[in-house]
Every structure is written in structure tokens, then in C-alpha cells.
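S.K.: To convert a position in the sequence shown, counted from 1, into the working numbering, add 23. Have a look at this one.
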Amino acid sequence: MLMNKIKSKTIAYTAVGAISLASVPVVPVHAALVDNDRLVGAEQTLSDRDTVNAFMERSDVRSQFEALGVDPEEAKERVAALSDDEISQLAERINSDPAGQGAVGAIVGAALIIFIVLLVTDLLGFTNVFDFTNKGAANPS
Numbered sequence: 024m025l026m027n028k029i030k031s032k033t034i035a036y037t038a039v040g041a042i043s044l045a046s047v048p049v050v051p052v053h054a055a056l057v058d059n060d061r062l063v064g065a066e067q068t069l070s071d072r073d074t075v076n077a078f079m080e081r082s083d084v085r086s087q088f089e090a091l092g093v094d095p096e097e098a099k100e101r102v103a104a105l106s107d108d109e110i111s112q113l114a115e116r117i118n119s120d121p122a123g124q125g126a127v128g129a130i131v132g133a134a135l136i137i138f139i140v141l142l143v144t145d146l147l148g149f150t151n152v153f154d155f156t157n158k159g160a161a162n163p164s
């Protein structure tokens with residue numbers, strides 16, 4: 024009899040505990056499909072951050088920061104604090120801006136432009152720079 028009383032109390036306490044736990048509100052979980060745009064956007068953001076971080080690690084960029092009186096580590100911390108939109112704009116600008124060219128390339132380009140301008144004006148007869156061109160109608164001599 025005493026055993027039956029103990030068993031019934033145990034069963035009663037277990038039932039009360041189970042009902043109490045079952046009545047505790049559970050936060051609902053919402054499941055939904057992930058859009059491709061959101062997935063690509065997340066990957067693009069990571070790629071943009073990698074682009075900006077790689078740019079910040081370059082030695083010429085670090086030396087330029089130091090020349091301007093900015094601590095490169097502080098600049099990295101500020102870049103890390105940028106929002107995703109700001110990072111994507113910065114990465115787009117890094118990727119779209121032309122790379123710097125050396126002085127030799129600039130000199131050769133300028134010399135080529137000057138040669139073409141002088142050649143055209145010599146062919147038209149406005150100048151007399153090159154002997155190998157036929158003089159145009161502007162200079163009948």
C-alpha cells in the first residue's frame with residue numbers, strides 16, 4: 024500500500040512537471056526560402072571586404088597613410104567599422120579606378136600624342152616639321 028502511494032505520487036509529480044513544461048511558451052521559429060539575391064549579396068559583401076582589406080595591406084597604401092599622418096592600424100579599424108553599402112562602394116571604386124602608370128608610360132604616351140598632332144598638322148600644311156610628308160593646300164610652297 025505504501026508502495027502504491029509512492030508510485031502514484033511519483034506519477035502525479037511527473038505528470039504535473041510534464042504539463043508545466045508543455046505549457047511554457049516557445050518562441051516560434053519562422054522558416055522561409057532564401058532568395059538568390061540575398062545569398063549573392065552576402066557573398067558579394069564578403070568579397071568586397073576582402074578586396075578592401077587586401078588594398079589596405081599593400082605597402083604603398085600603408086606608406087601613403089603614414090605620409091599623410093594617419094596610423095595604418097587606425098585606418099584598418101575604421102574600414103572594419105564601415106557598413107556593407109559603404110564597403111561595396113569603396114570596393115567598386117578600387118576595382119574601377121585605373122591603376123597608376125609609371126613615368127616611362129606617361130612620357131611615351133605624351134610623345135606619341137605630340138607626334139600625331141605634328142604629323143596631322145604637317146600633312147594639312149599648317150606646319151613644316153617633317154620632310155617625308157606631302158605638303159597640304161594650306162602651304163602652297
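All residues carry an ideal CB built from backbone N, CA and C; glycine is no exception. None of these values were measured; they are calculated from a predicted model.
Among residues of its own chain, excluding the 5 on either side of F78, which ones have a beta-carbon nearer than 7 Å to its beta-carbon?
M.R.: Taking the first residue of the sequence shown as 1, we reach residue 78 at position 55. Excluding sequence neighbours, F78 sits near V84, I117.
S.K.: Name the two residues that bound the continuous alpha helix (DSSP H) containing F153.
M.R.: For the purposes of this step, residue 153 is taken as the residue at position 130 of the sequence shown. Where F153 is concerned, there is no enclosing alpha helix (DSSP H), given that its DSSP letter is neither H nor E.
S.K.: Can you list, in chain order, the residues of its chain with a C-beta nearer than 6 Å to that of D145? Leave out the 5 residues immediately preceding and following it.
M.R.: Here the question's residue 145 lines up with position 122 in the sequence shown. These residues qualify, in order along the chain: V152, F153, T156.
S.K.: Would you kindly work out how many angstroms separate the C-alpha atoms of P48 and V93, rounded to a whole number?
M.R.: Working through the sequence shown from its first residue, we reach residue 48 at position 25. Working through the sequence shown from its first residue, we reach residue 93 at position 70. So the alpha carbons of these two residues sit roughly 53 Å apart.
S.K.: Counting C-beta neighbours from all protein chains within 10 Å, is the total for S111 16 or more, i.e. buried, or is it exposed?
M.R.: Here residue 111 refers to the residue found at position 88 when the sequence shown is read from its first residue. Flag for S111 reads buried.
S.K.: Under 8 Å by Cβ, that's how I've got A98 and F88 pegged, so tell me the actual separation to the nearest angstrom.
M.R.: Within the sequence shown, residue 98 is the residue found at index 75, counting from 1. Within the sequence shown, residue 88 is the residue found at index 65, counting from 1. About 5 Å; that satisfies the 8 Å criterion.
S.K.: Indicate the three-state DSSP secondary structure (helix, strand or coil) for V52 in the structure shown.
M.R.: In the sequence shown, residue 52 corresponds to position 29, counting from 1. Looking at V52 - three-state DSSP - the assignment turns out to be coil, as it is neither helix nor strand.
S.K.: Does the Cβ-Cβ distance between V52 and V75 come in under 8 Å?
M.R.: For the purposes of this step, residue 52 is taken as residue 29 along the sequence shown, with counting starting at 1. For the purposes of this step, residue 75 is taken as residue 52 along the sequence shown, with counting starting at 1. Against a cut-off of 8 Å, the Cβ pair of V75 and V52 comes out as no contact.
S.K.: Just the Cα atoms here: how many angstroms apart are A114 and S70?
M.R.: Sequence index remark: in the sequence shown, residue 114 carries index 91 (1-based). Sequence index remark: in the sequence shown, residue 70 carries index 47 (1-based). Roughly 9 Å separates the two Cα atoms.
S.K.: Per DSSP, what kind of secondary structure is D71 in: helix, strand or coil?
M.R.: Counting from one through the sequence shown, the residue named residue 71 turns up at place 48. Three-state DSSP puts D71 in a helix.
S.K.: Using the three-state DSSP reduction, which class does S106 fall into: helix, strand or coil?
M.R.: Against the sequence shown, residue 106 aligns to sequence position 83. Three-state result, S106: coil.
S.K.: Given this structure, state the Cα-to-Cα distance separating I130 from E109, to the nearest angstrom.
M.R.: Within the sequence shown, numbered from 1, the residue matching residue 130 stands at position 107. Within the sequence shown, numbered from 1, the residue matching residue 109 stands at position 86. Rounded to the nearest angstrom, the two C-alpha atoms are 36 Å apart.
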